Amino acid sequence: TTYLNAASATPPIAPAGPGDTPGPAAPAEGEGGANRRRATMFLAGVVGALVVIAAAVLFFDMGGDEEKSSSPPPSPTAKKKALPSGVMCSGKECSGKDPETMGCGGQYAKSVSSAWVGRSLVEVRYSKVCKASWGRITSAARGDALTISAGGDQSEKDAVEATNDAYTPMVSVRDADEAKACAKLTGGGSGCTTPGKTVR
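Sequence positions in the sequence shown follow UniProt numbering and run 1 to 200.
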């Protein structure tokens, strides 16, 4: 009897309540989430690479344009052979121009043909640098006329005024013997130079 009472005195174990039931374990992250992360990282890398490439292309393109814009095309005068200081024309540019004003006289000129017309000396002056010739008359009288011609269609003239000399504007020439100078004197008489022939 005593044994039964002791056993009966032990309270029965109460069944676990609803709140005591252990919940299901948190599910491990599935493969779908990991795949999404990998895809996002891959896309970010691709975008970054494209940005770097685009920046490089833009940089080099702009650099090339800047170099092109900073190097202007050569001017027409740069293509020509440089003329000595003070010389301002060459060839056809000199036609009709004053040889002294254009810097073709002085050290750059010489007499390549000459002739006496009366007591006046008529000369053809030639400048190799300017590729041009002109006529000159000295010991002349007021009103004496001077003409120079070259190439069949070029002709320039001048007349003696207050001084006893005069010179014509220039005609362009290919060589020293192309031009011919002629004078007509007011006192009568006329004559021309012979290419390549000088009288002094």
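Each residue gets a CB set at the ideal place from its N, CA and C atoms; glycine is no exception.
For clarity, every value in this text was computed on a predicted model and none was experimentally measured.
At least 8 Å separates the beta-carbon of threonine 147 from that of serine 139.
Each of Val171, Ser90, Cys192, Ala141 was checked against the Cα of aspartate 165, and the nearest Cα belongs to Ala141.
Looking at the DSSP output, tyrosine 167 shares a beta bridge with Arg136. DSSP places serine 85 in no beta strand (DSSP E); its state is neither H nor E. Comparing alpha-carbon positions, the option among Gly96, Ser149, Lys92, Asp153 lying closest to lysine 131 turns out to be Lys92.
Apart from sequence neighbours up to five positions away, no residue of its chain approaches arginine 37 with a beta-carbon distance below 6 Å. With a cutoff of 8 Å on beta-carbon distance, methionine 88 and glycine 103 are scored as near each other.
With contacts defined by Cβ atoms closer than 8 Å, valine 124 and alanine 183 do not form a contacting pair. Per DSSP, tyrosine 126 is one residue of the beta strand (DSSP E) stretching across 120 to 127. Beta-bridge pairing by DSSP links aspartate 158 to Leu146. Just measuring C-alpha positions, the residue of Thr163, Leu50, Leu43, Tyr126 sitting nearest glutamine 107 is Tyr126. For lysine 197, no beta strand (DSSP E) run applies, since DSSP gives it neither H nor E. Between alanine 150 and alanine 115, the C-beta gap is not smaller than 8 Å, which leaves the two residues out of contact.
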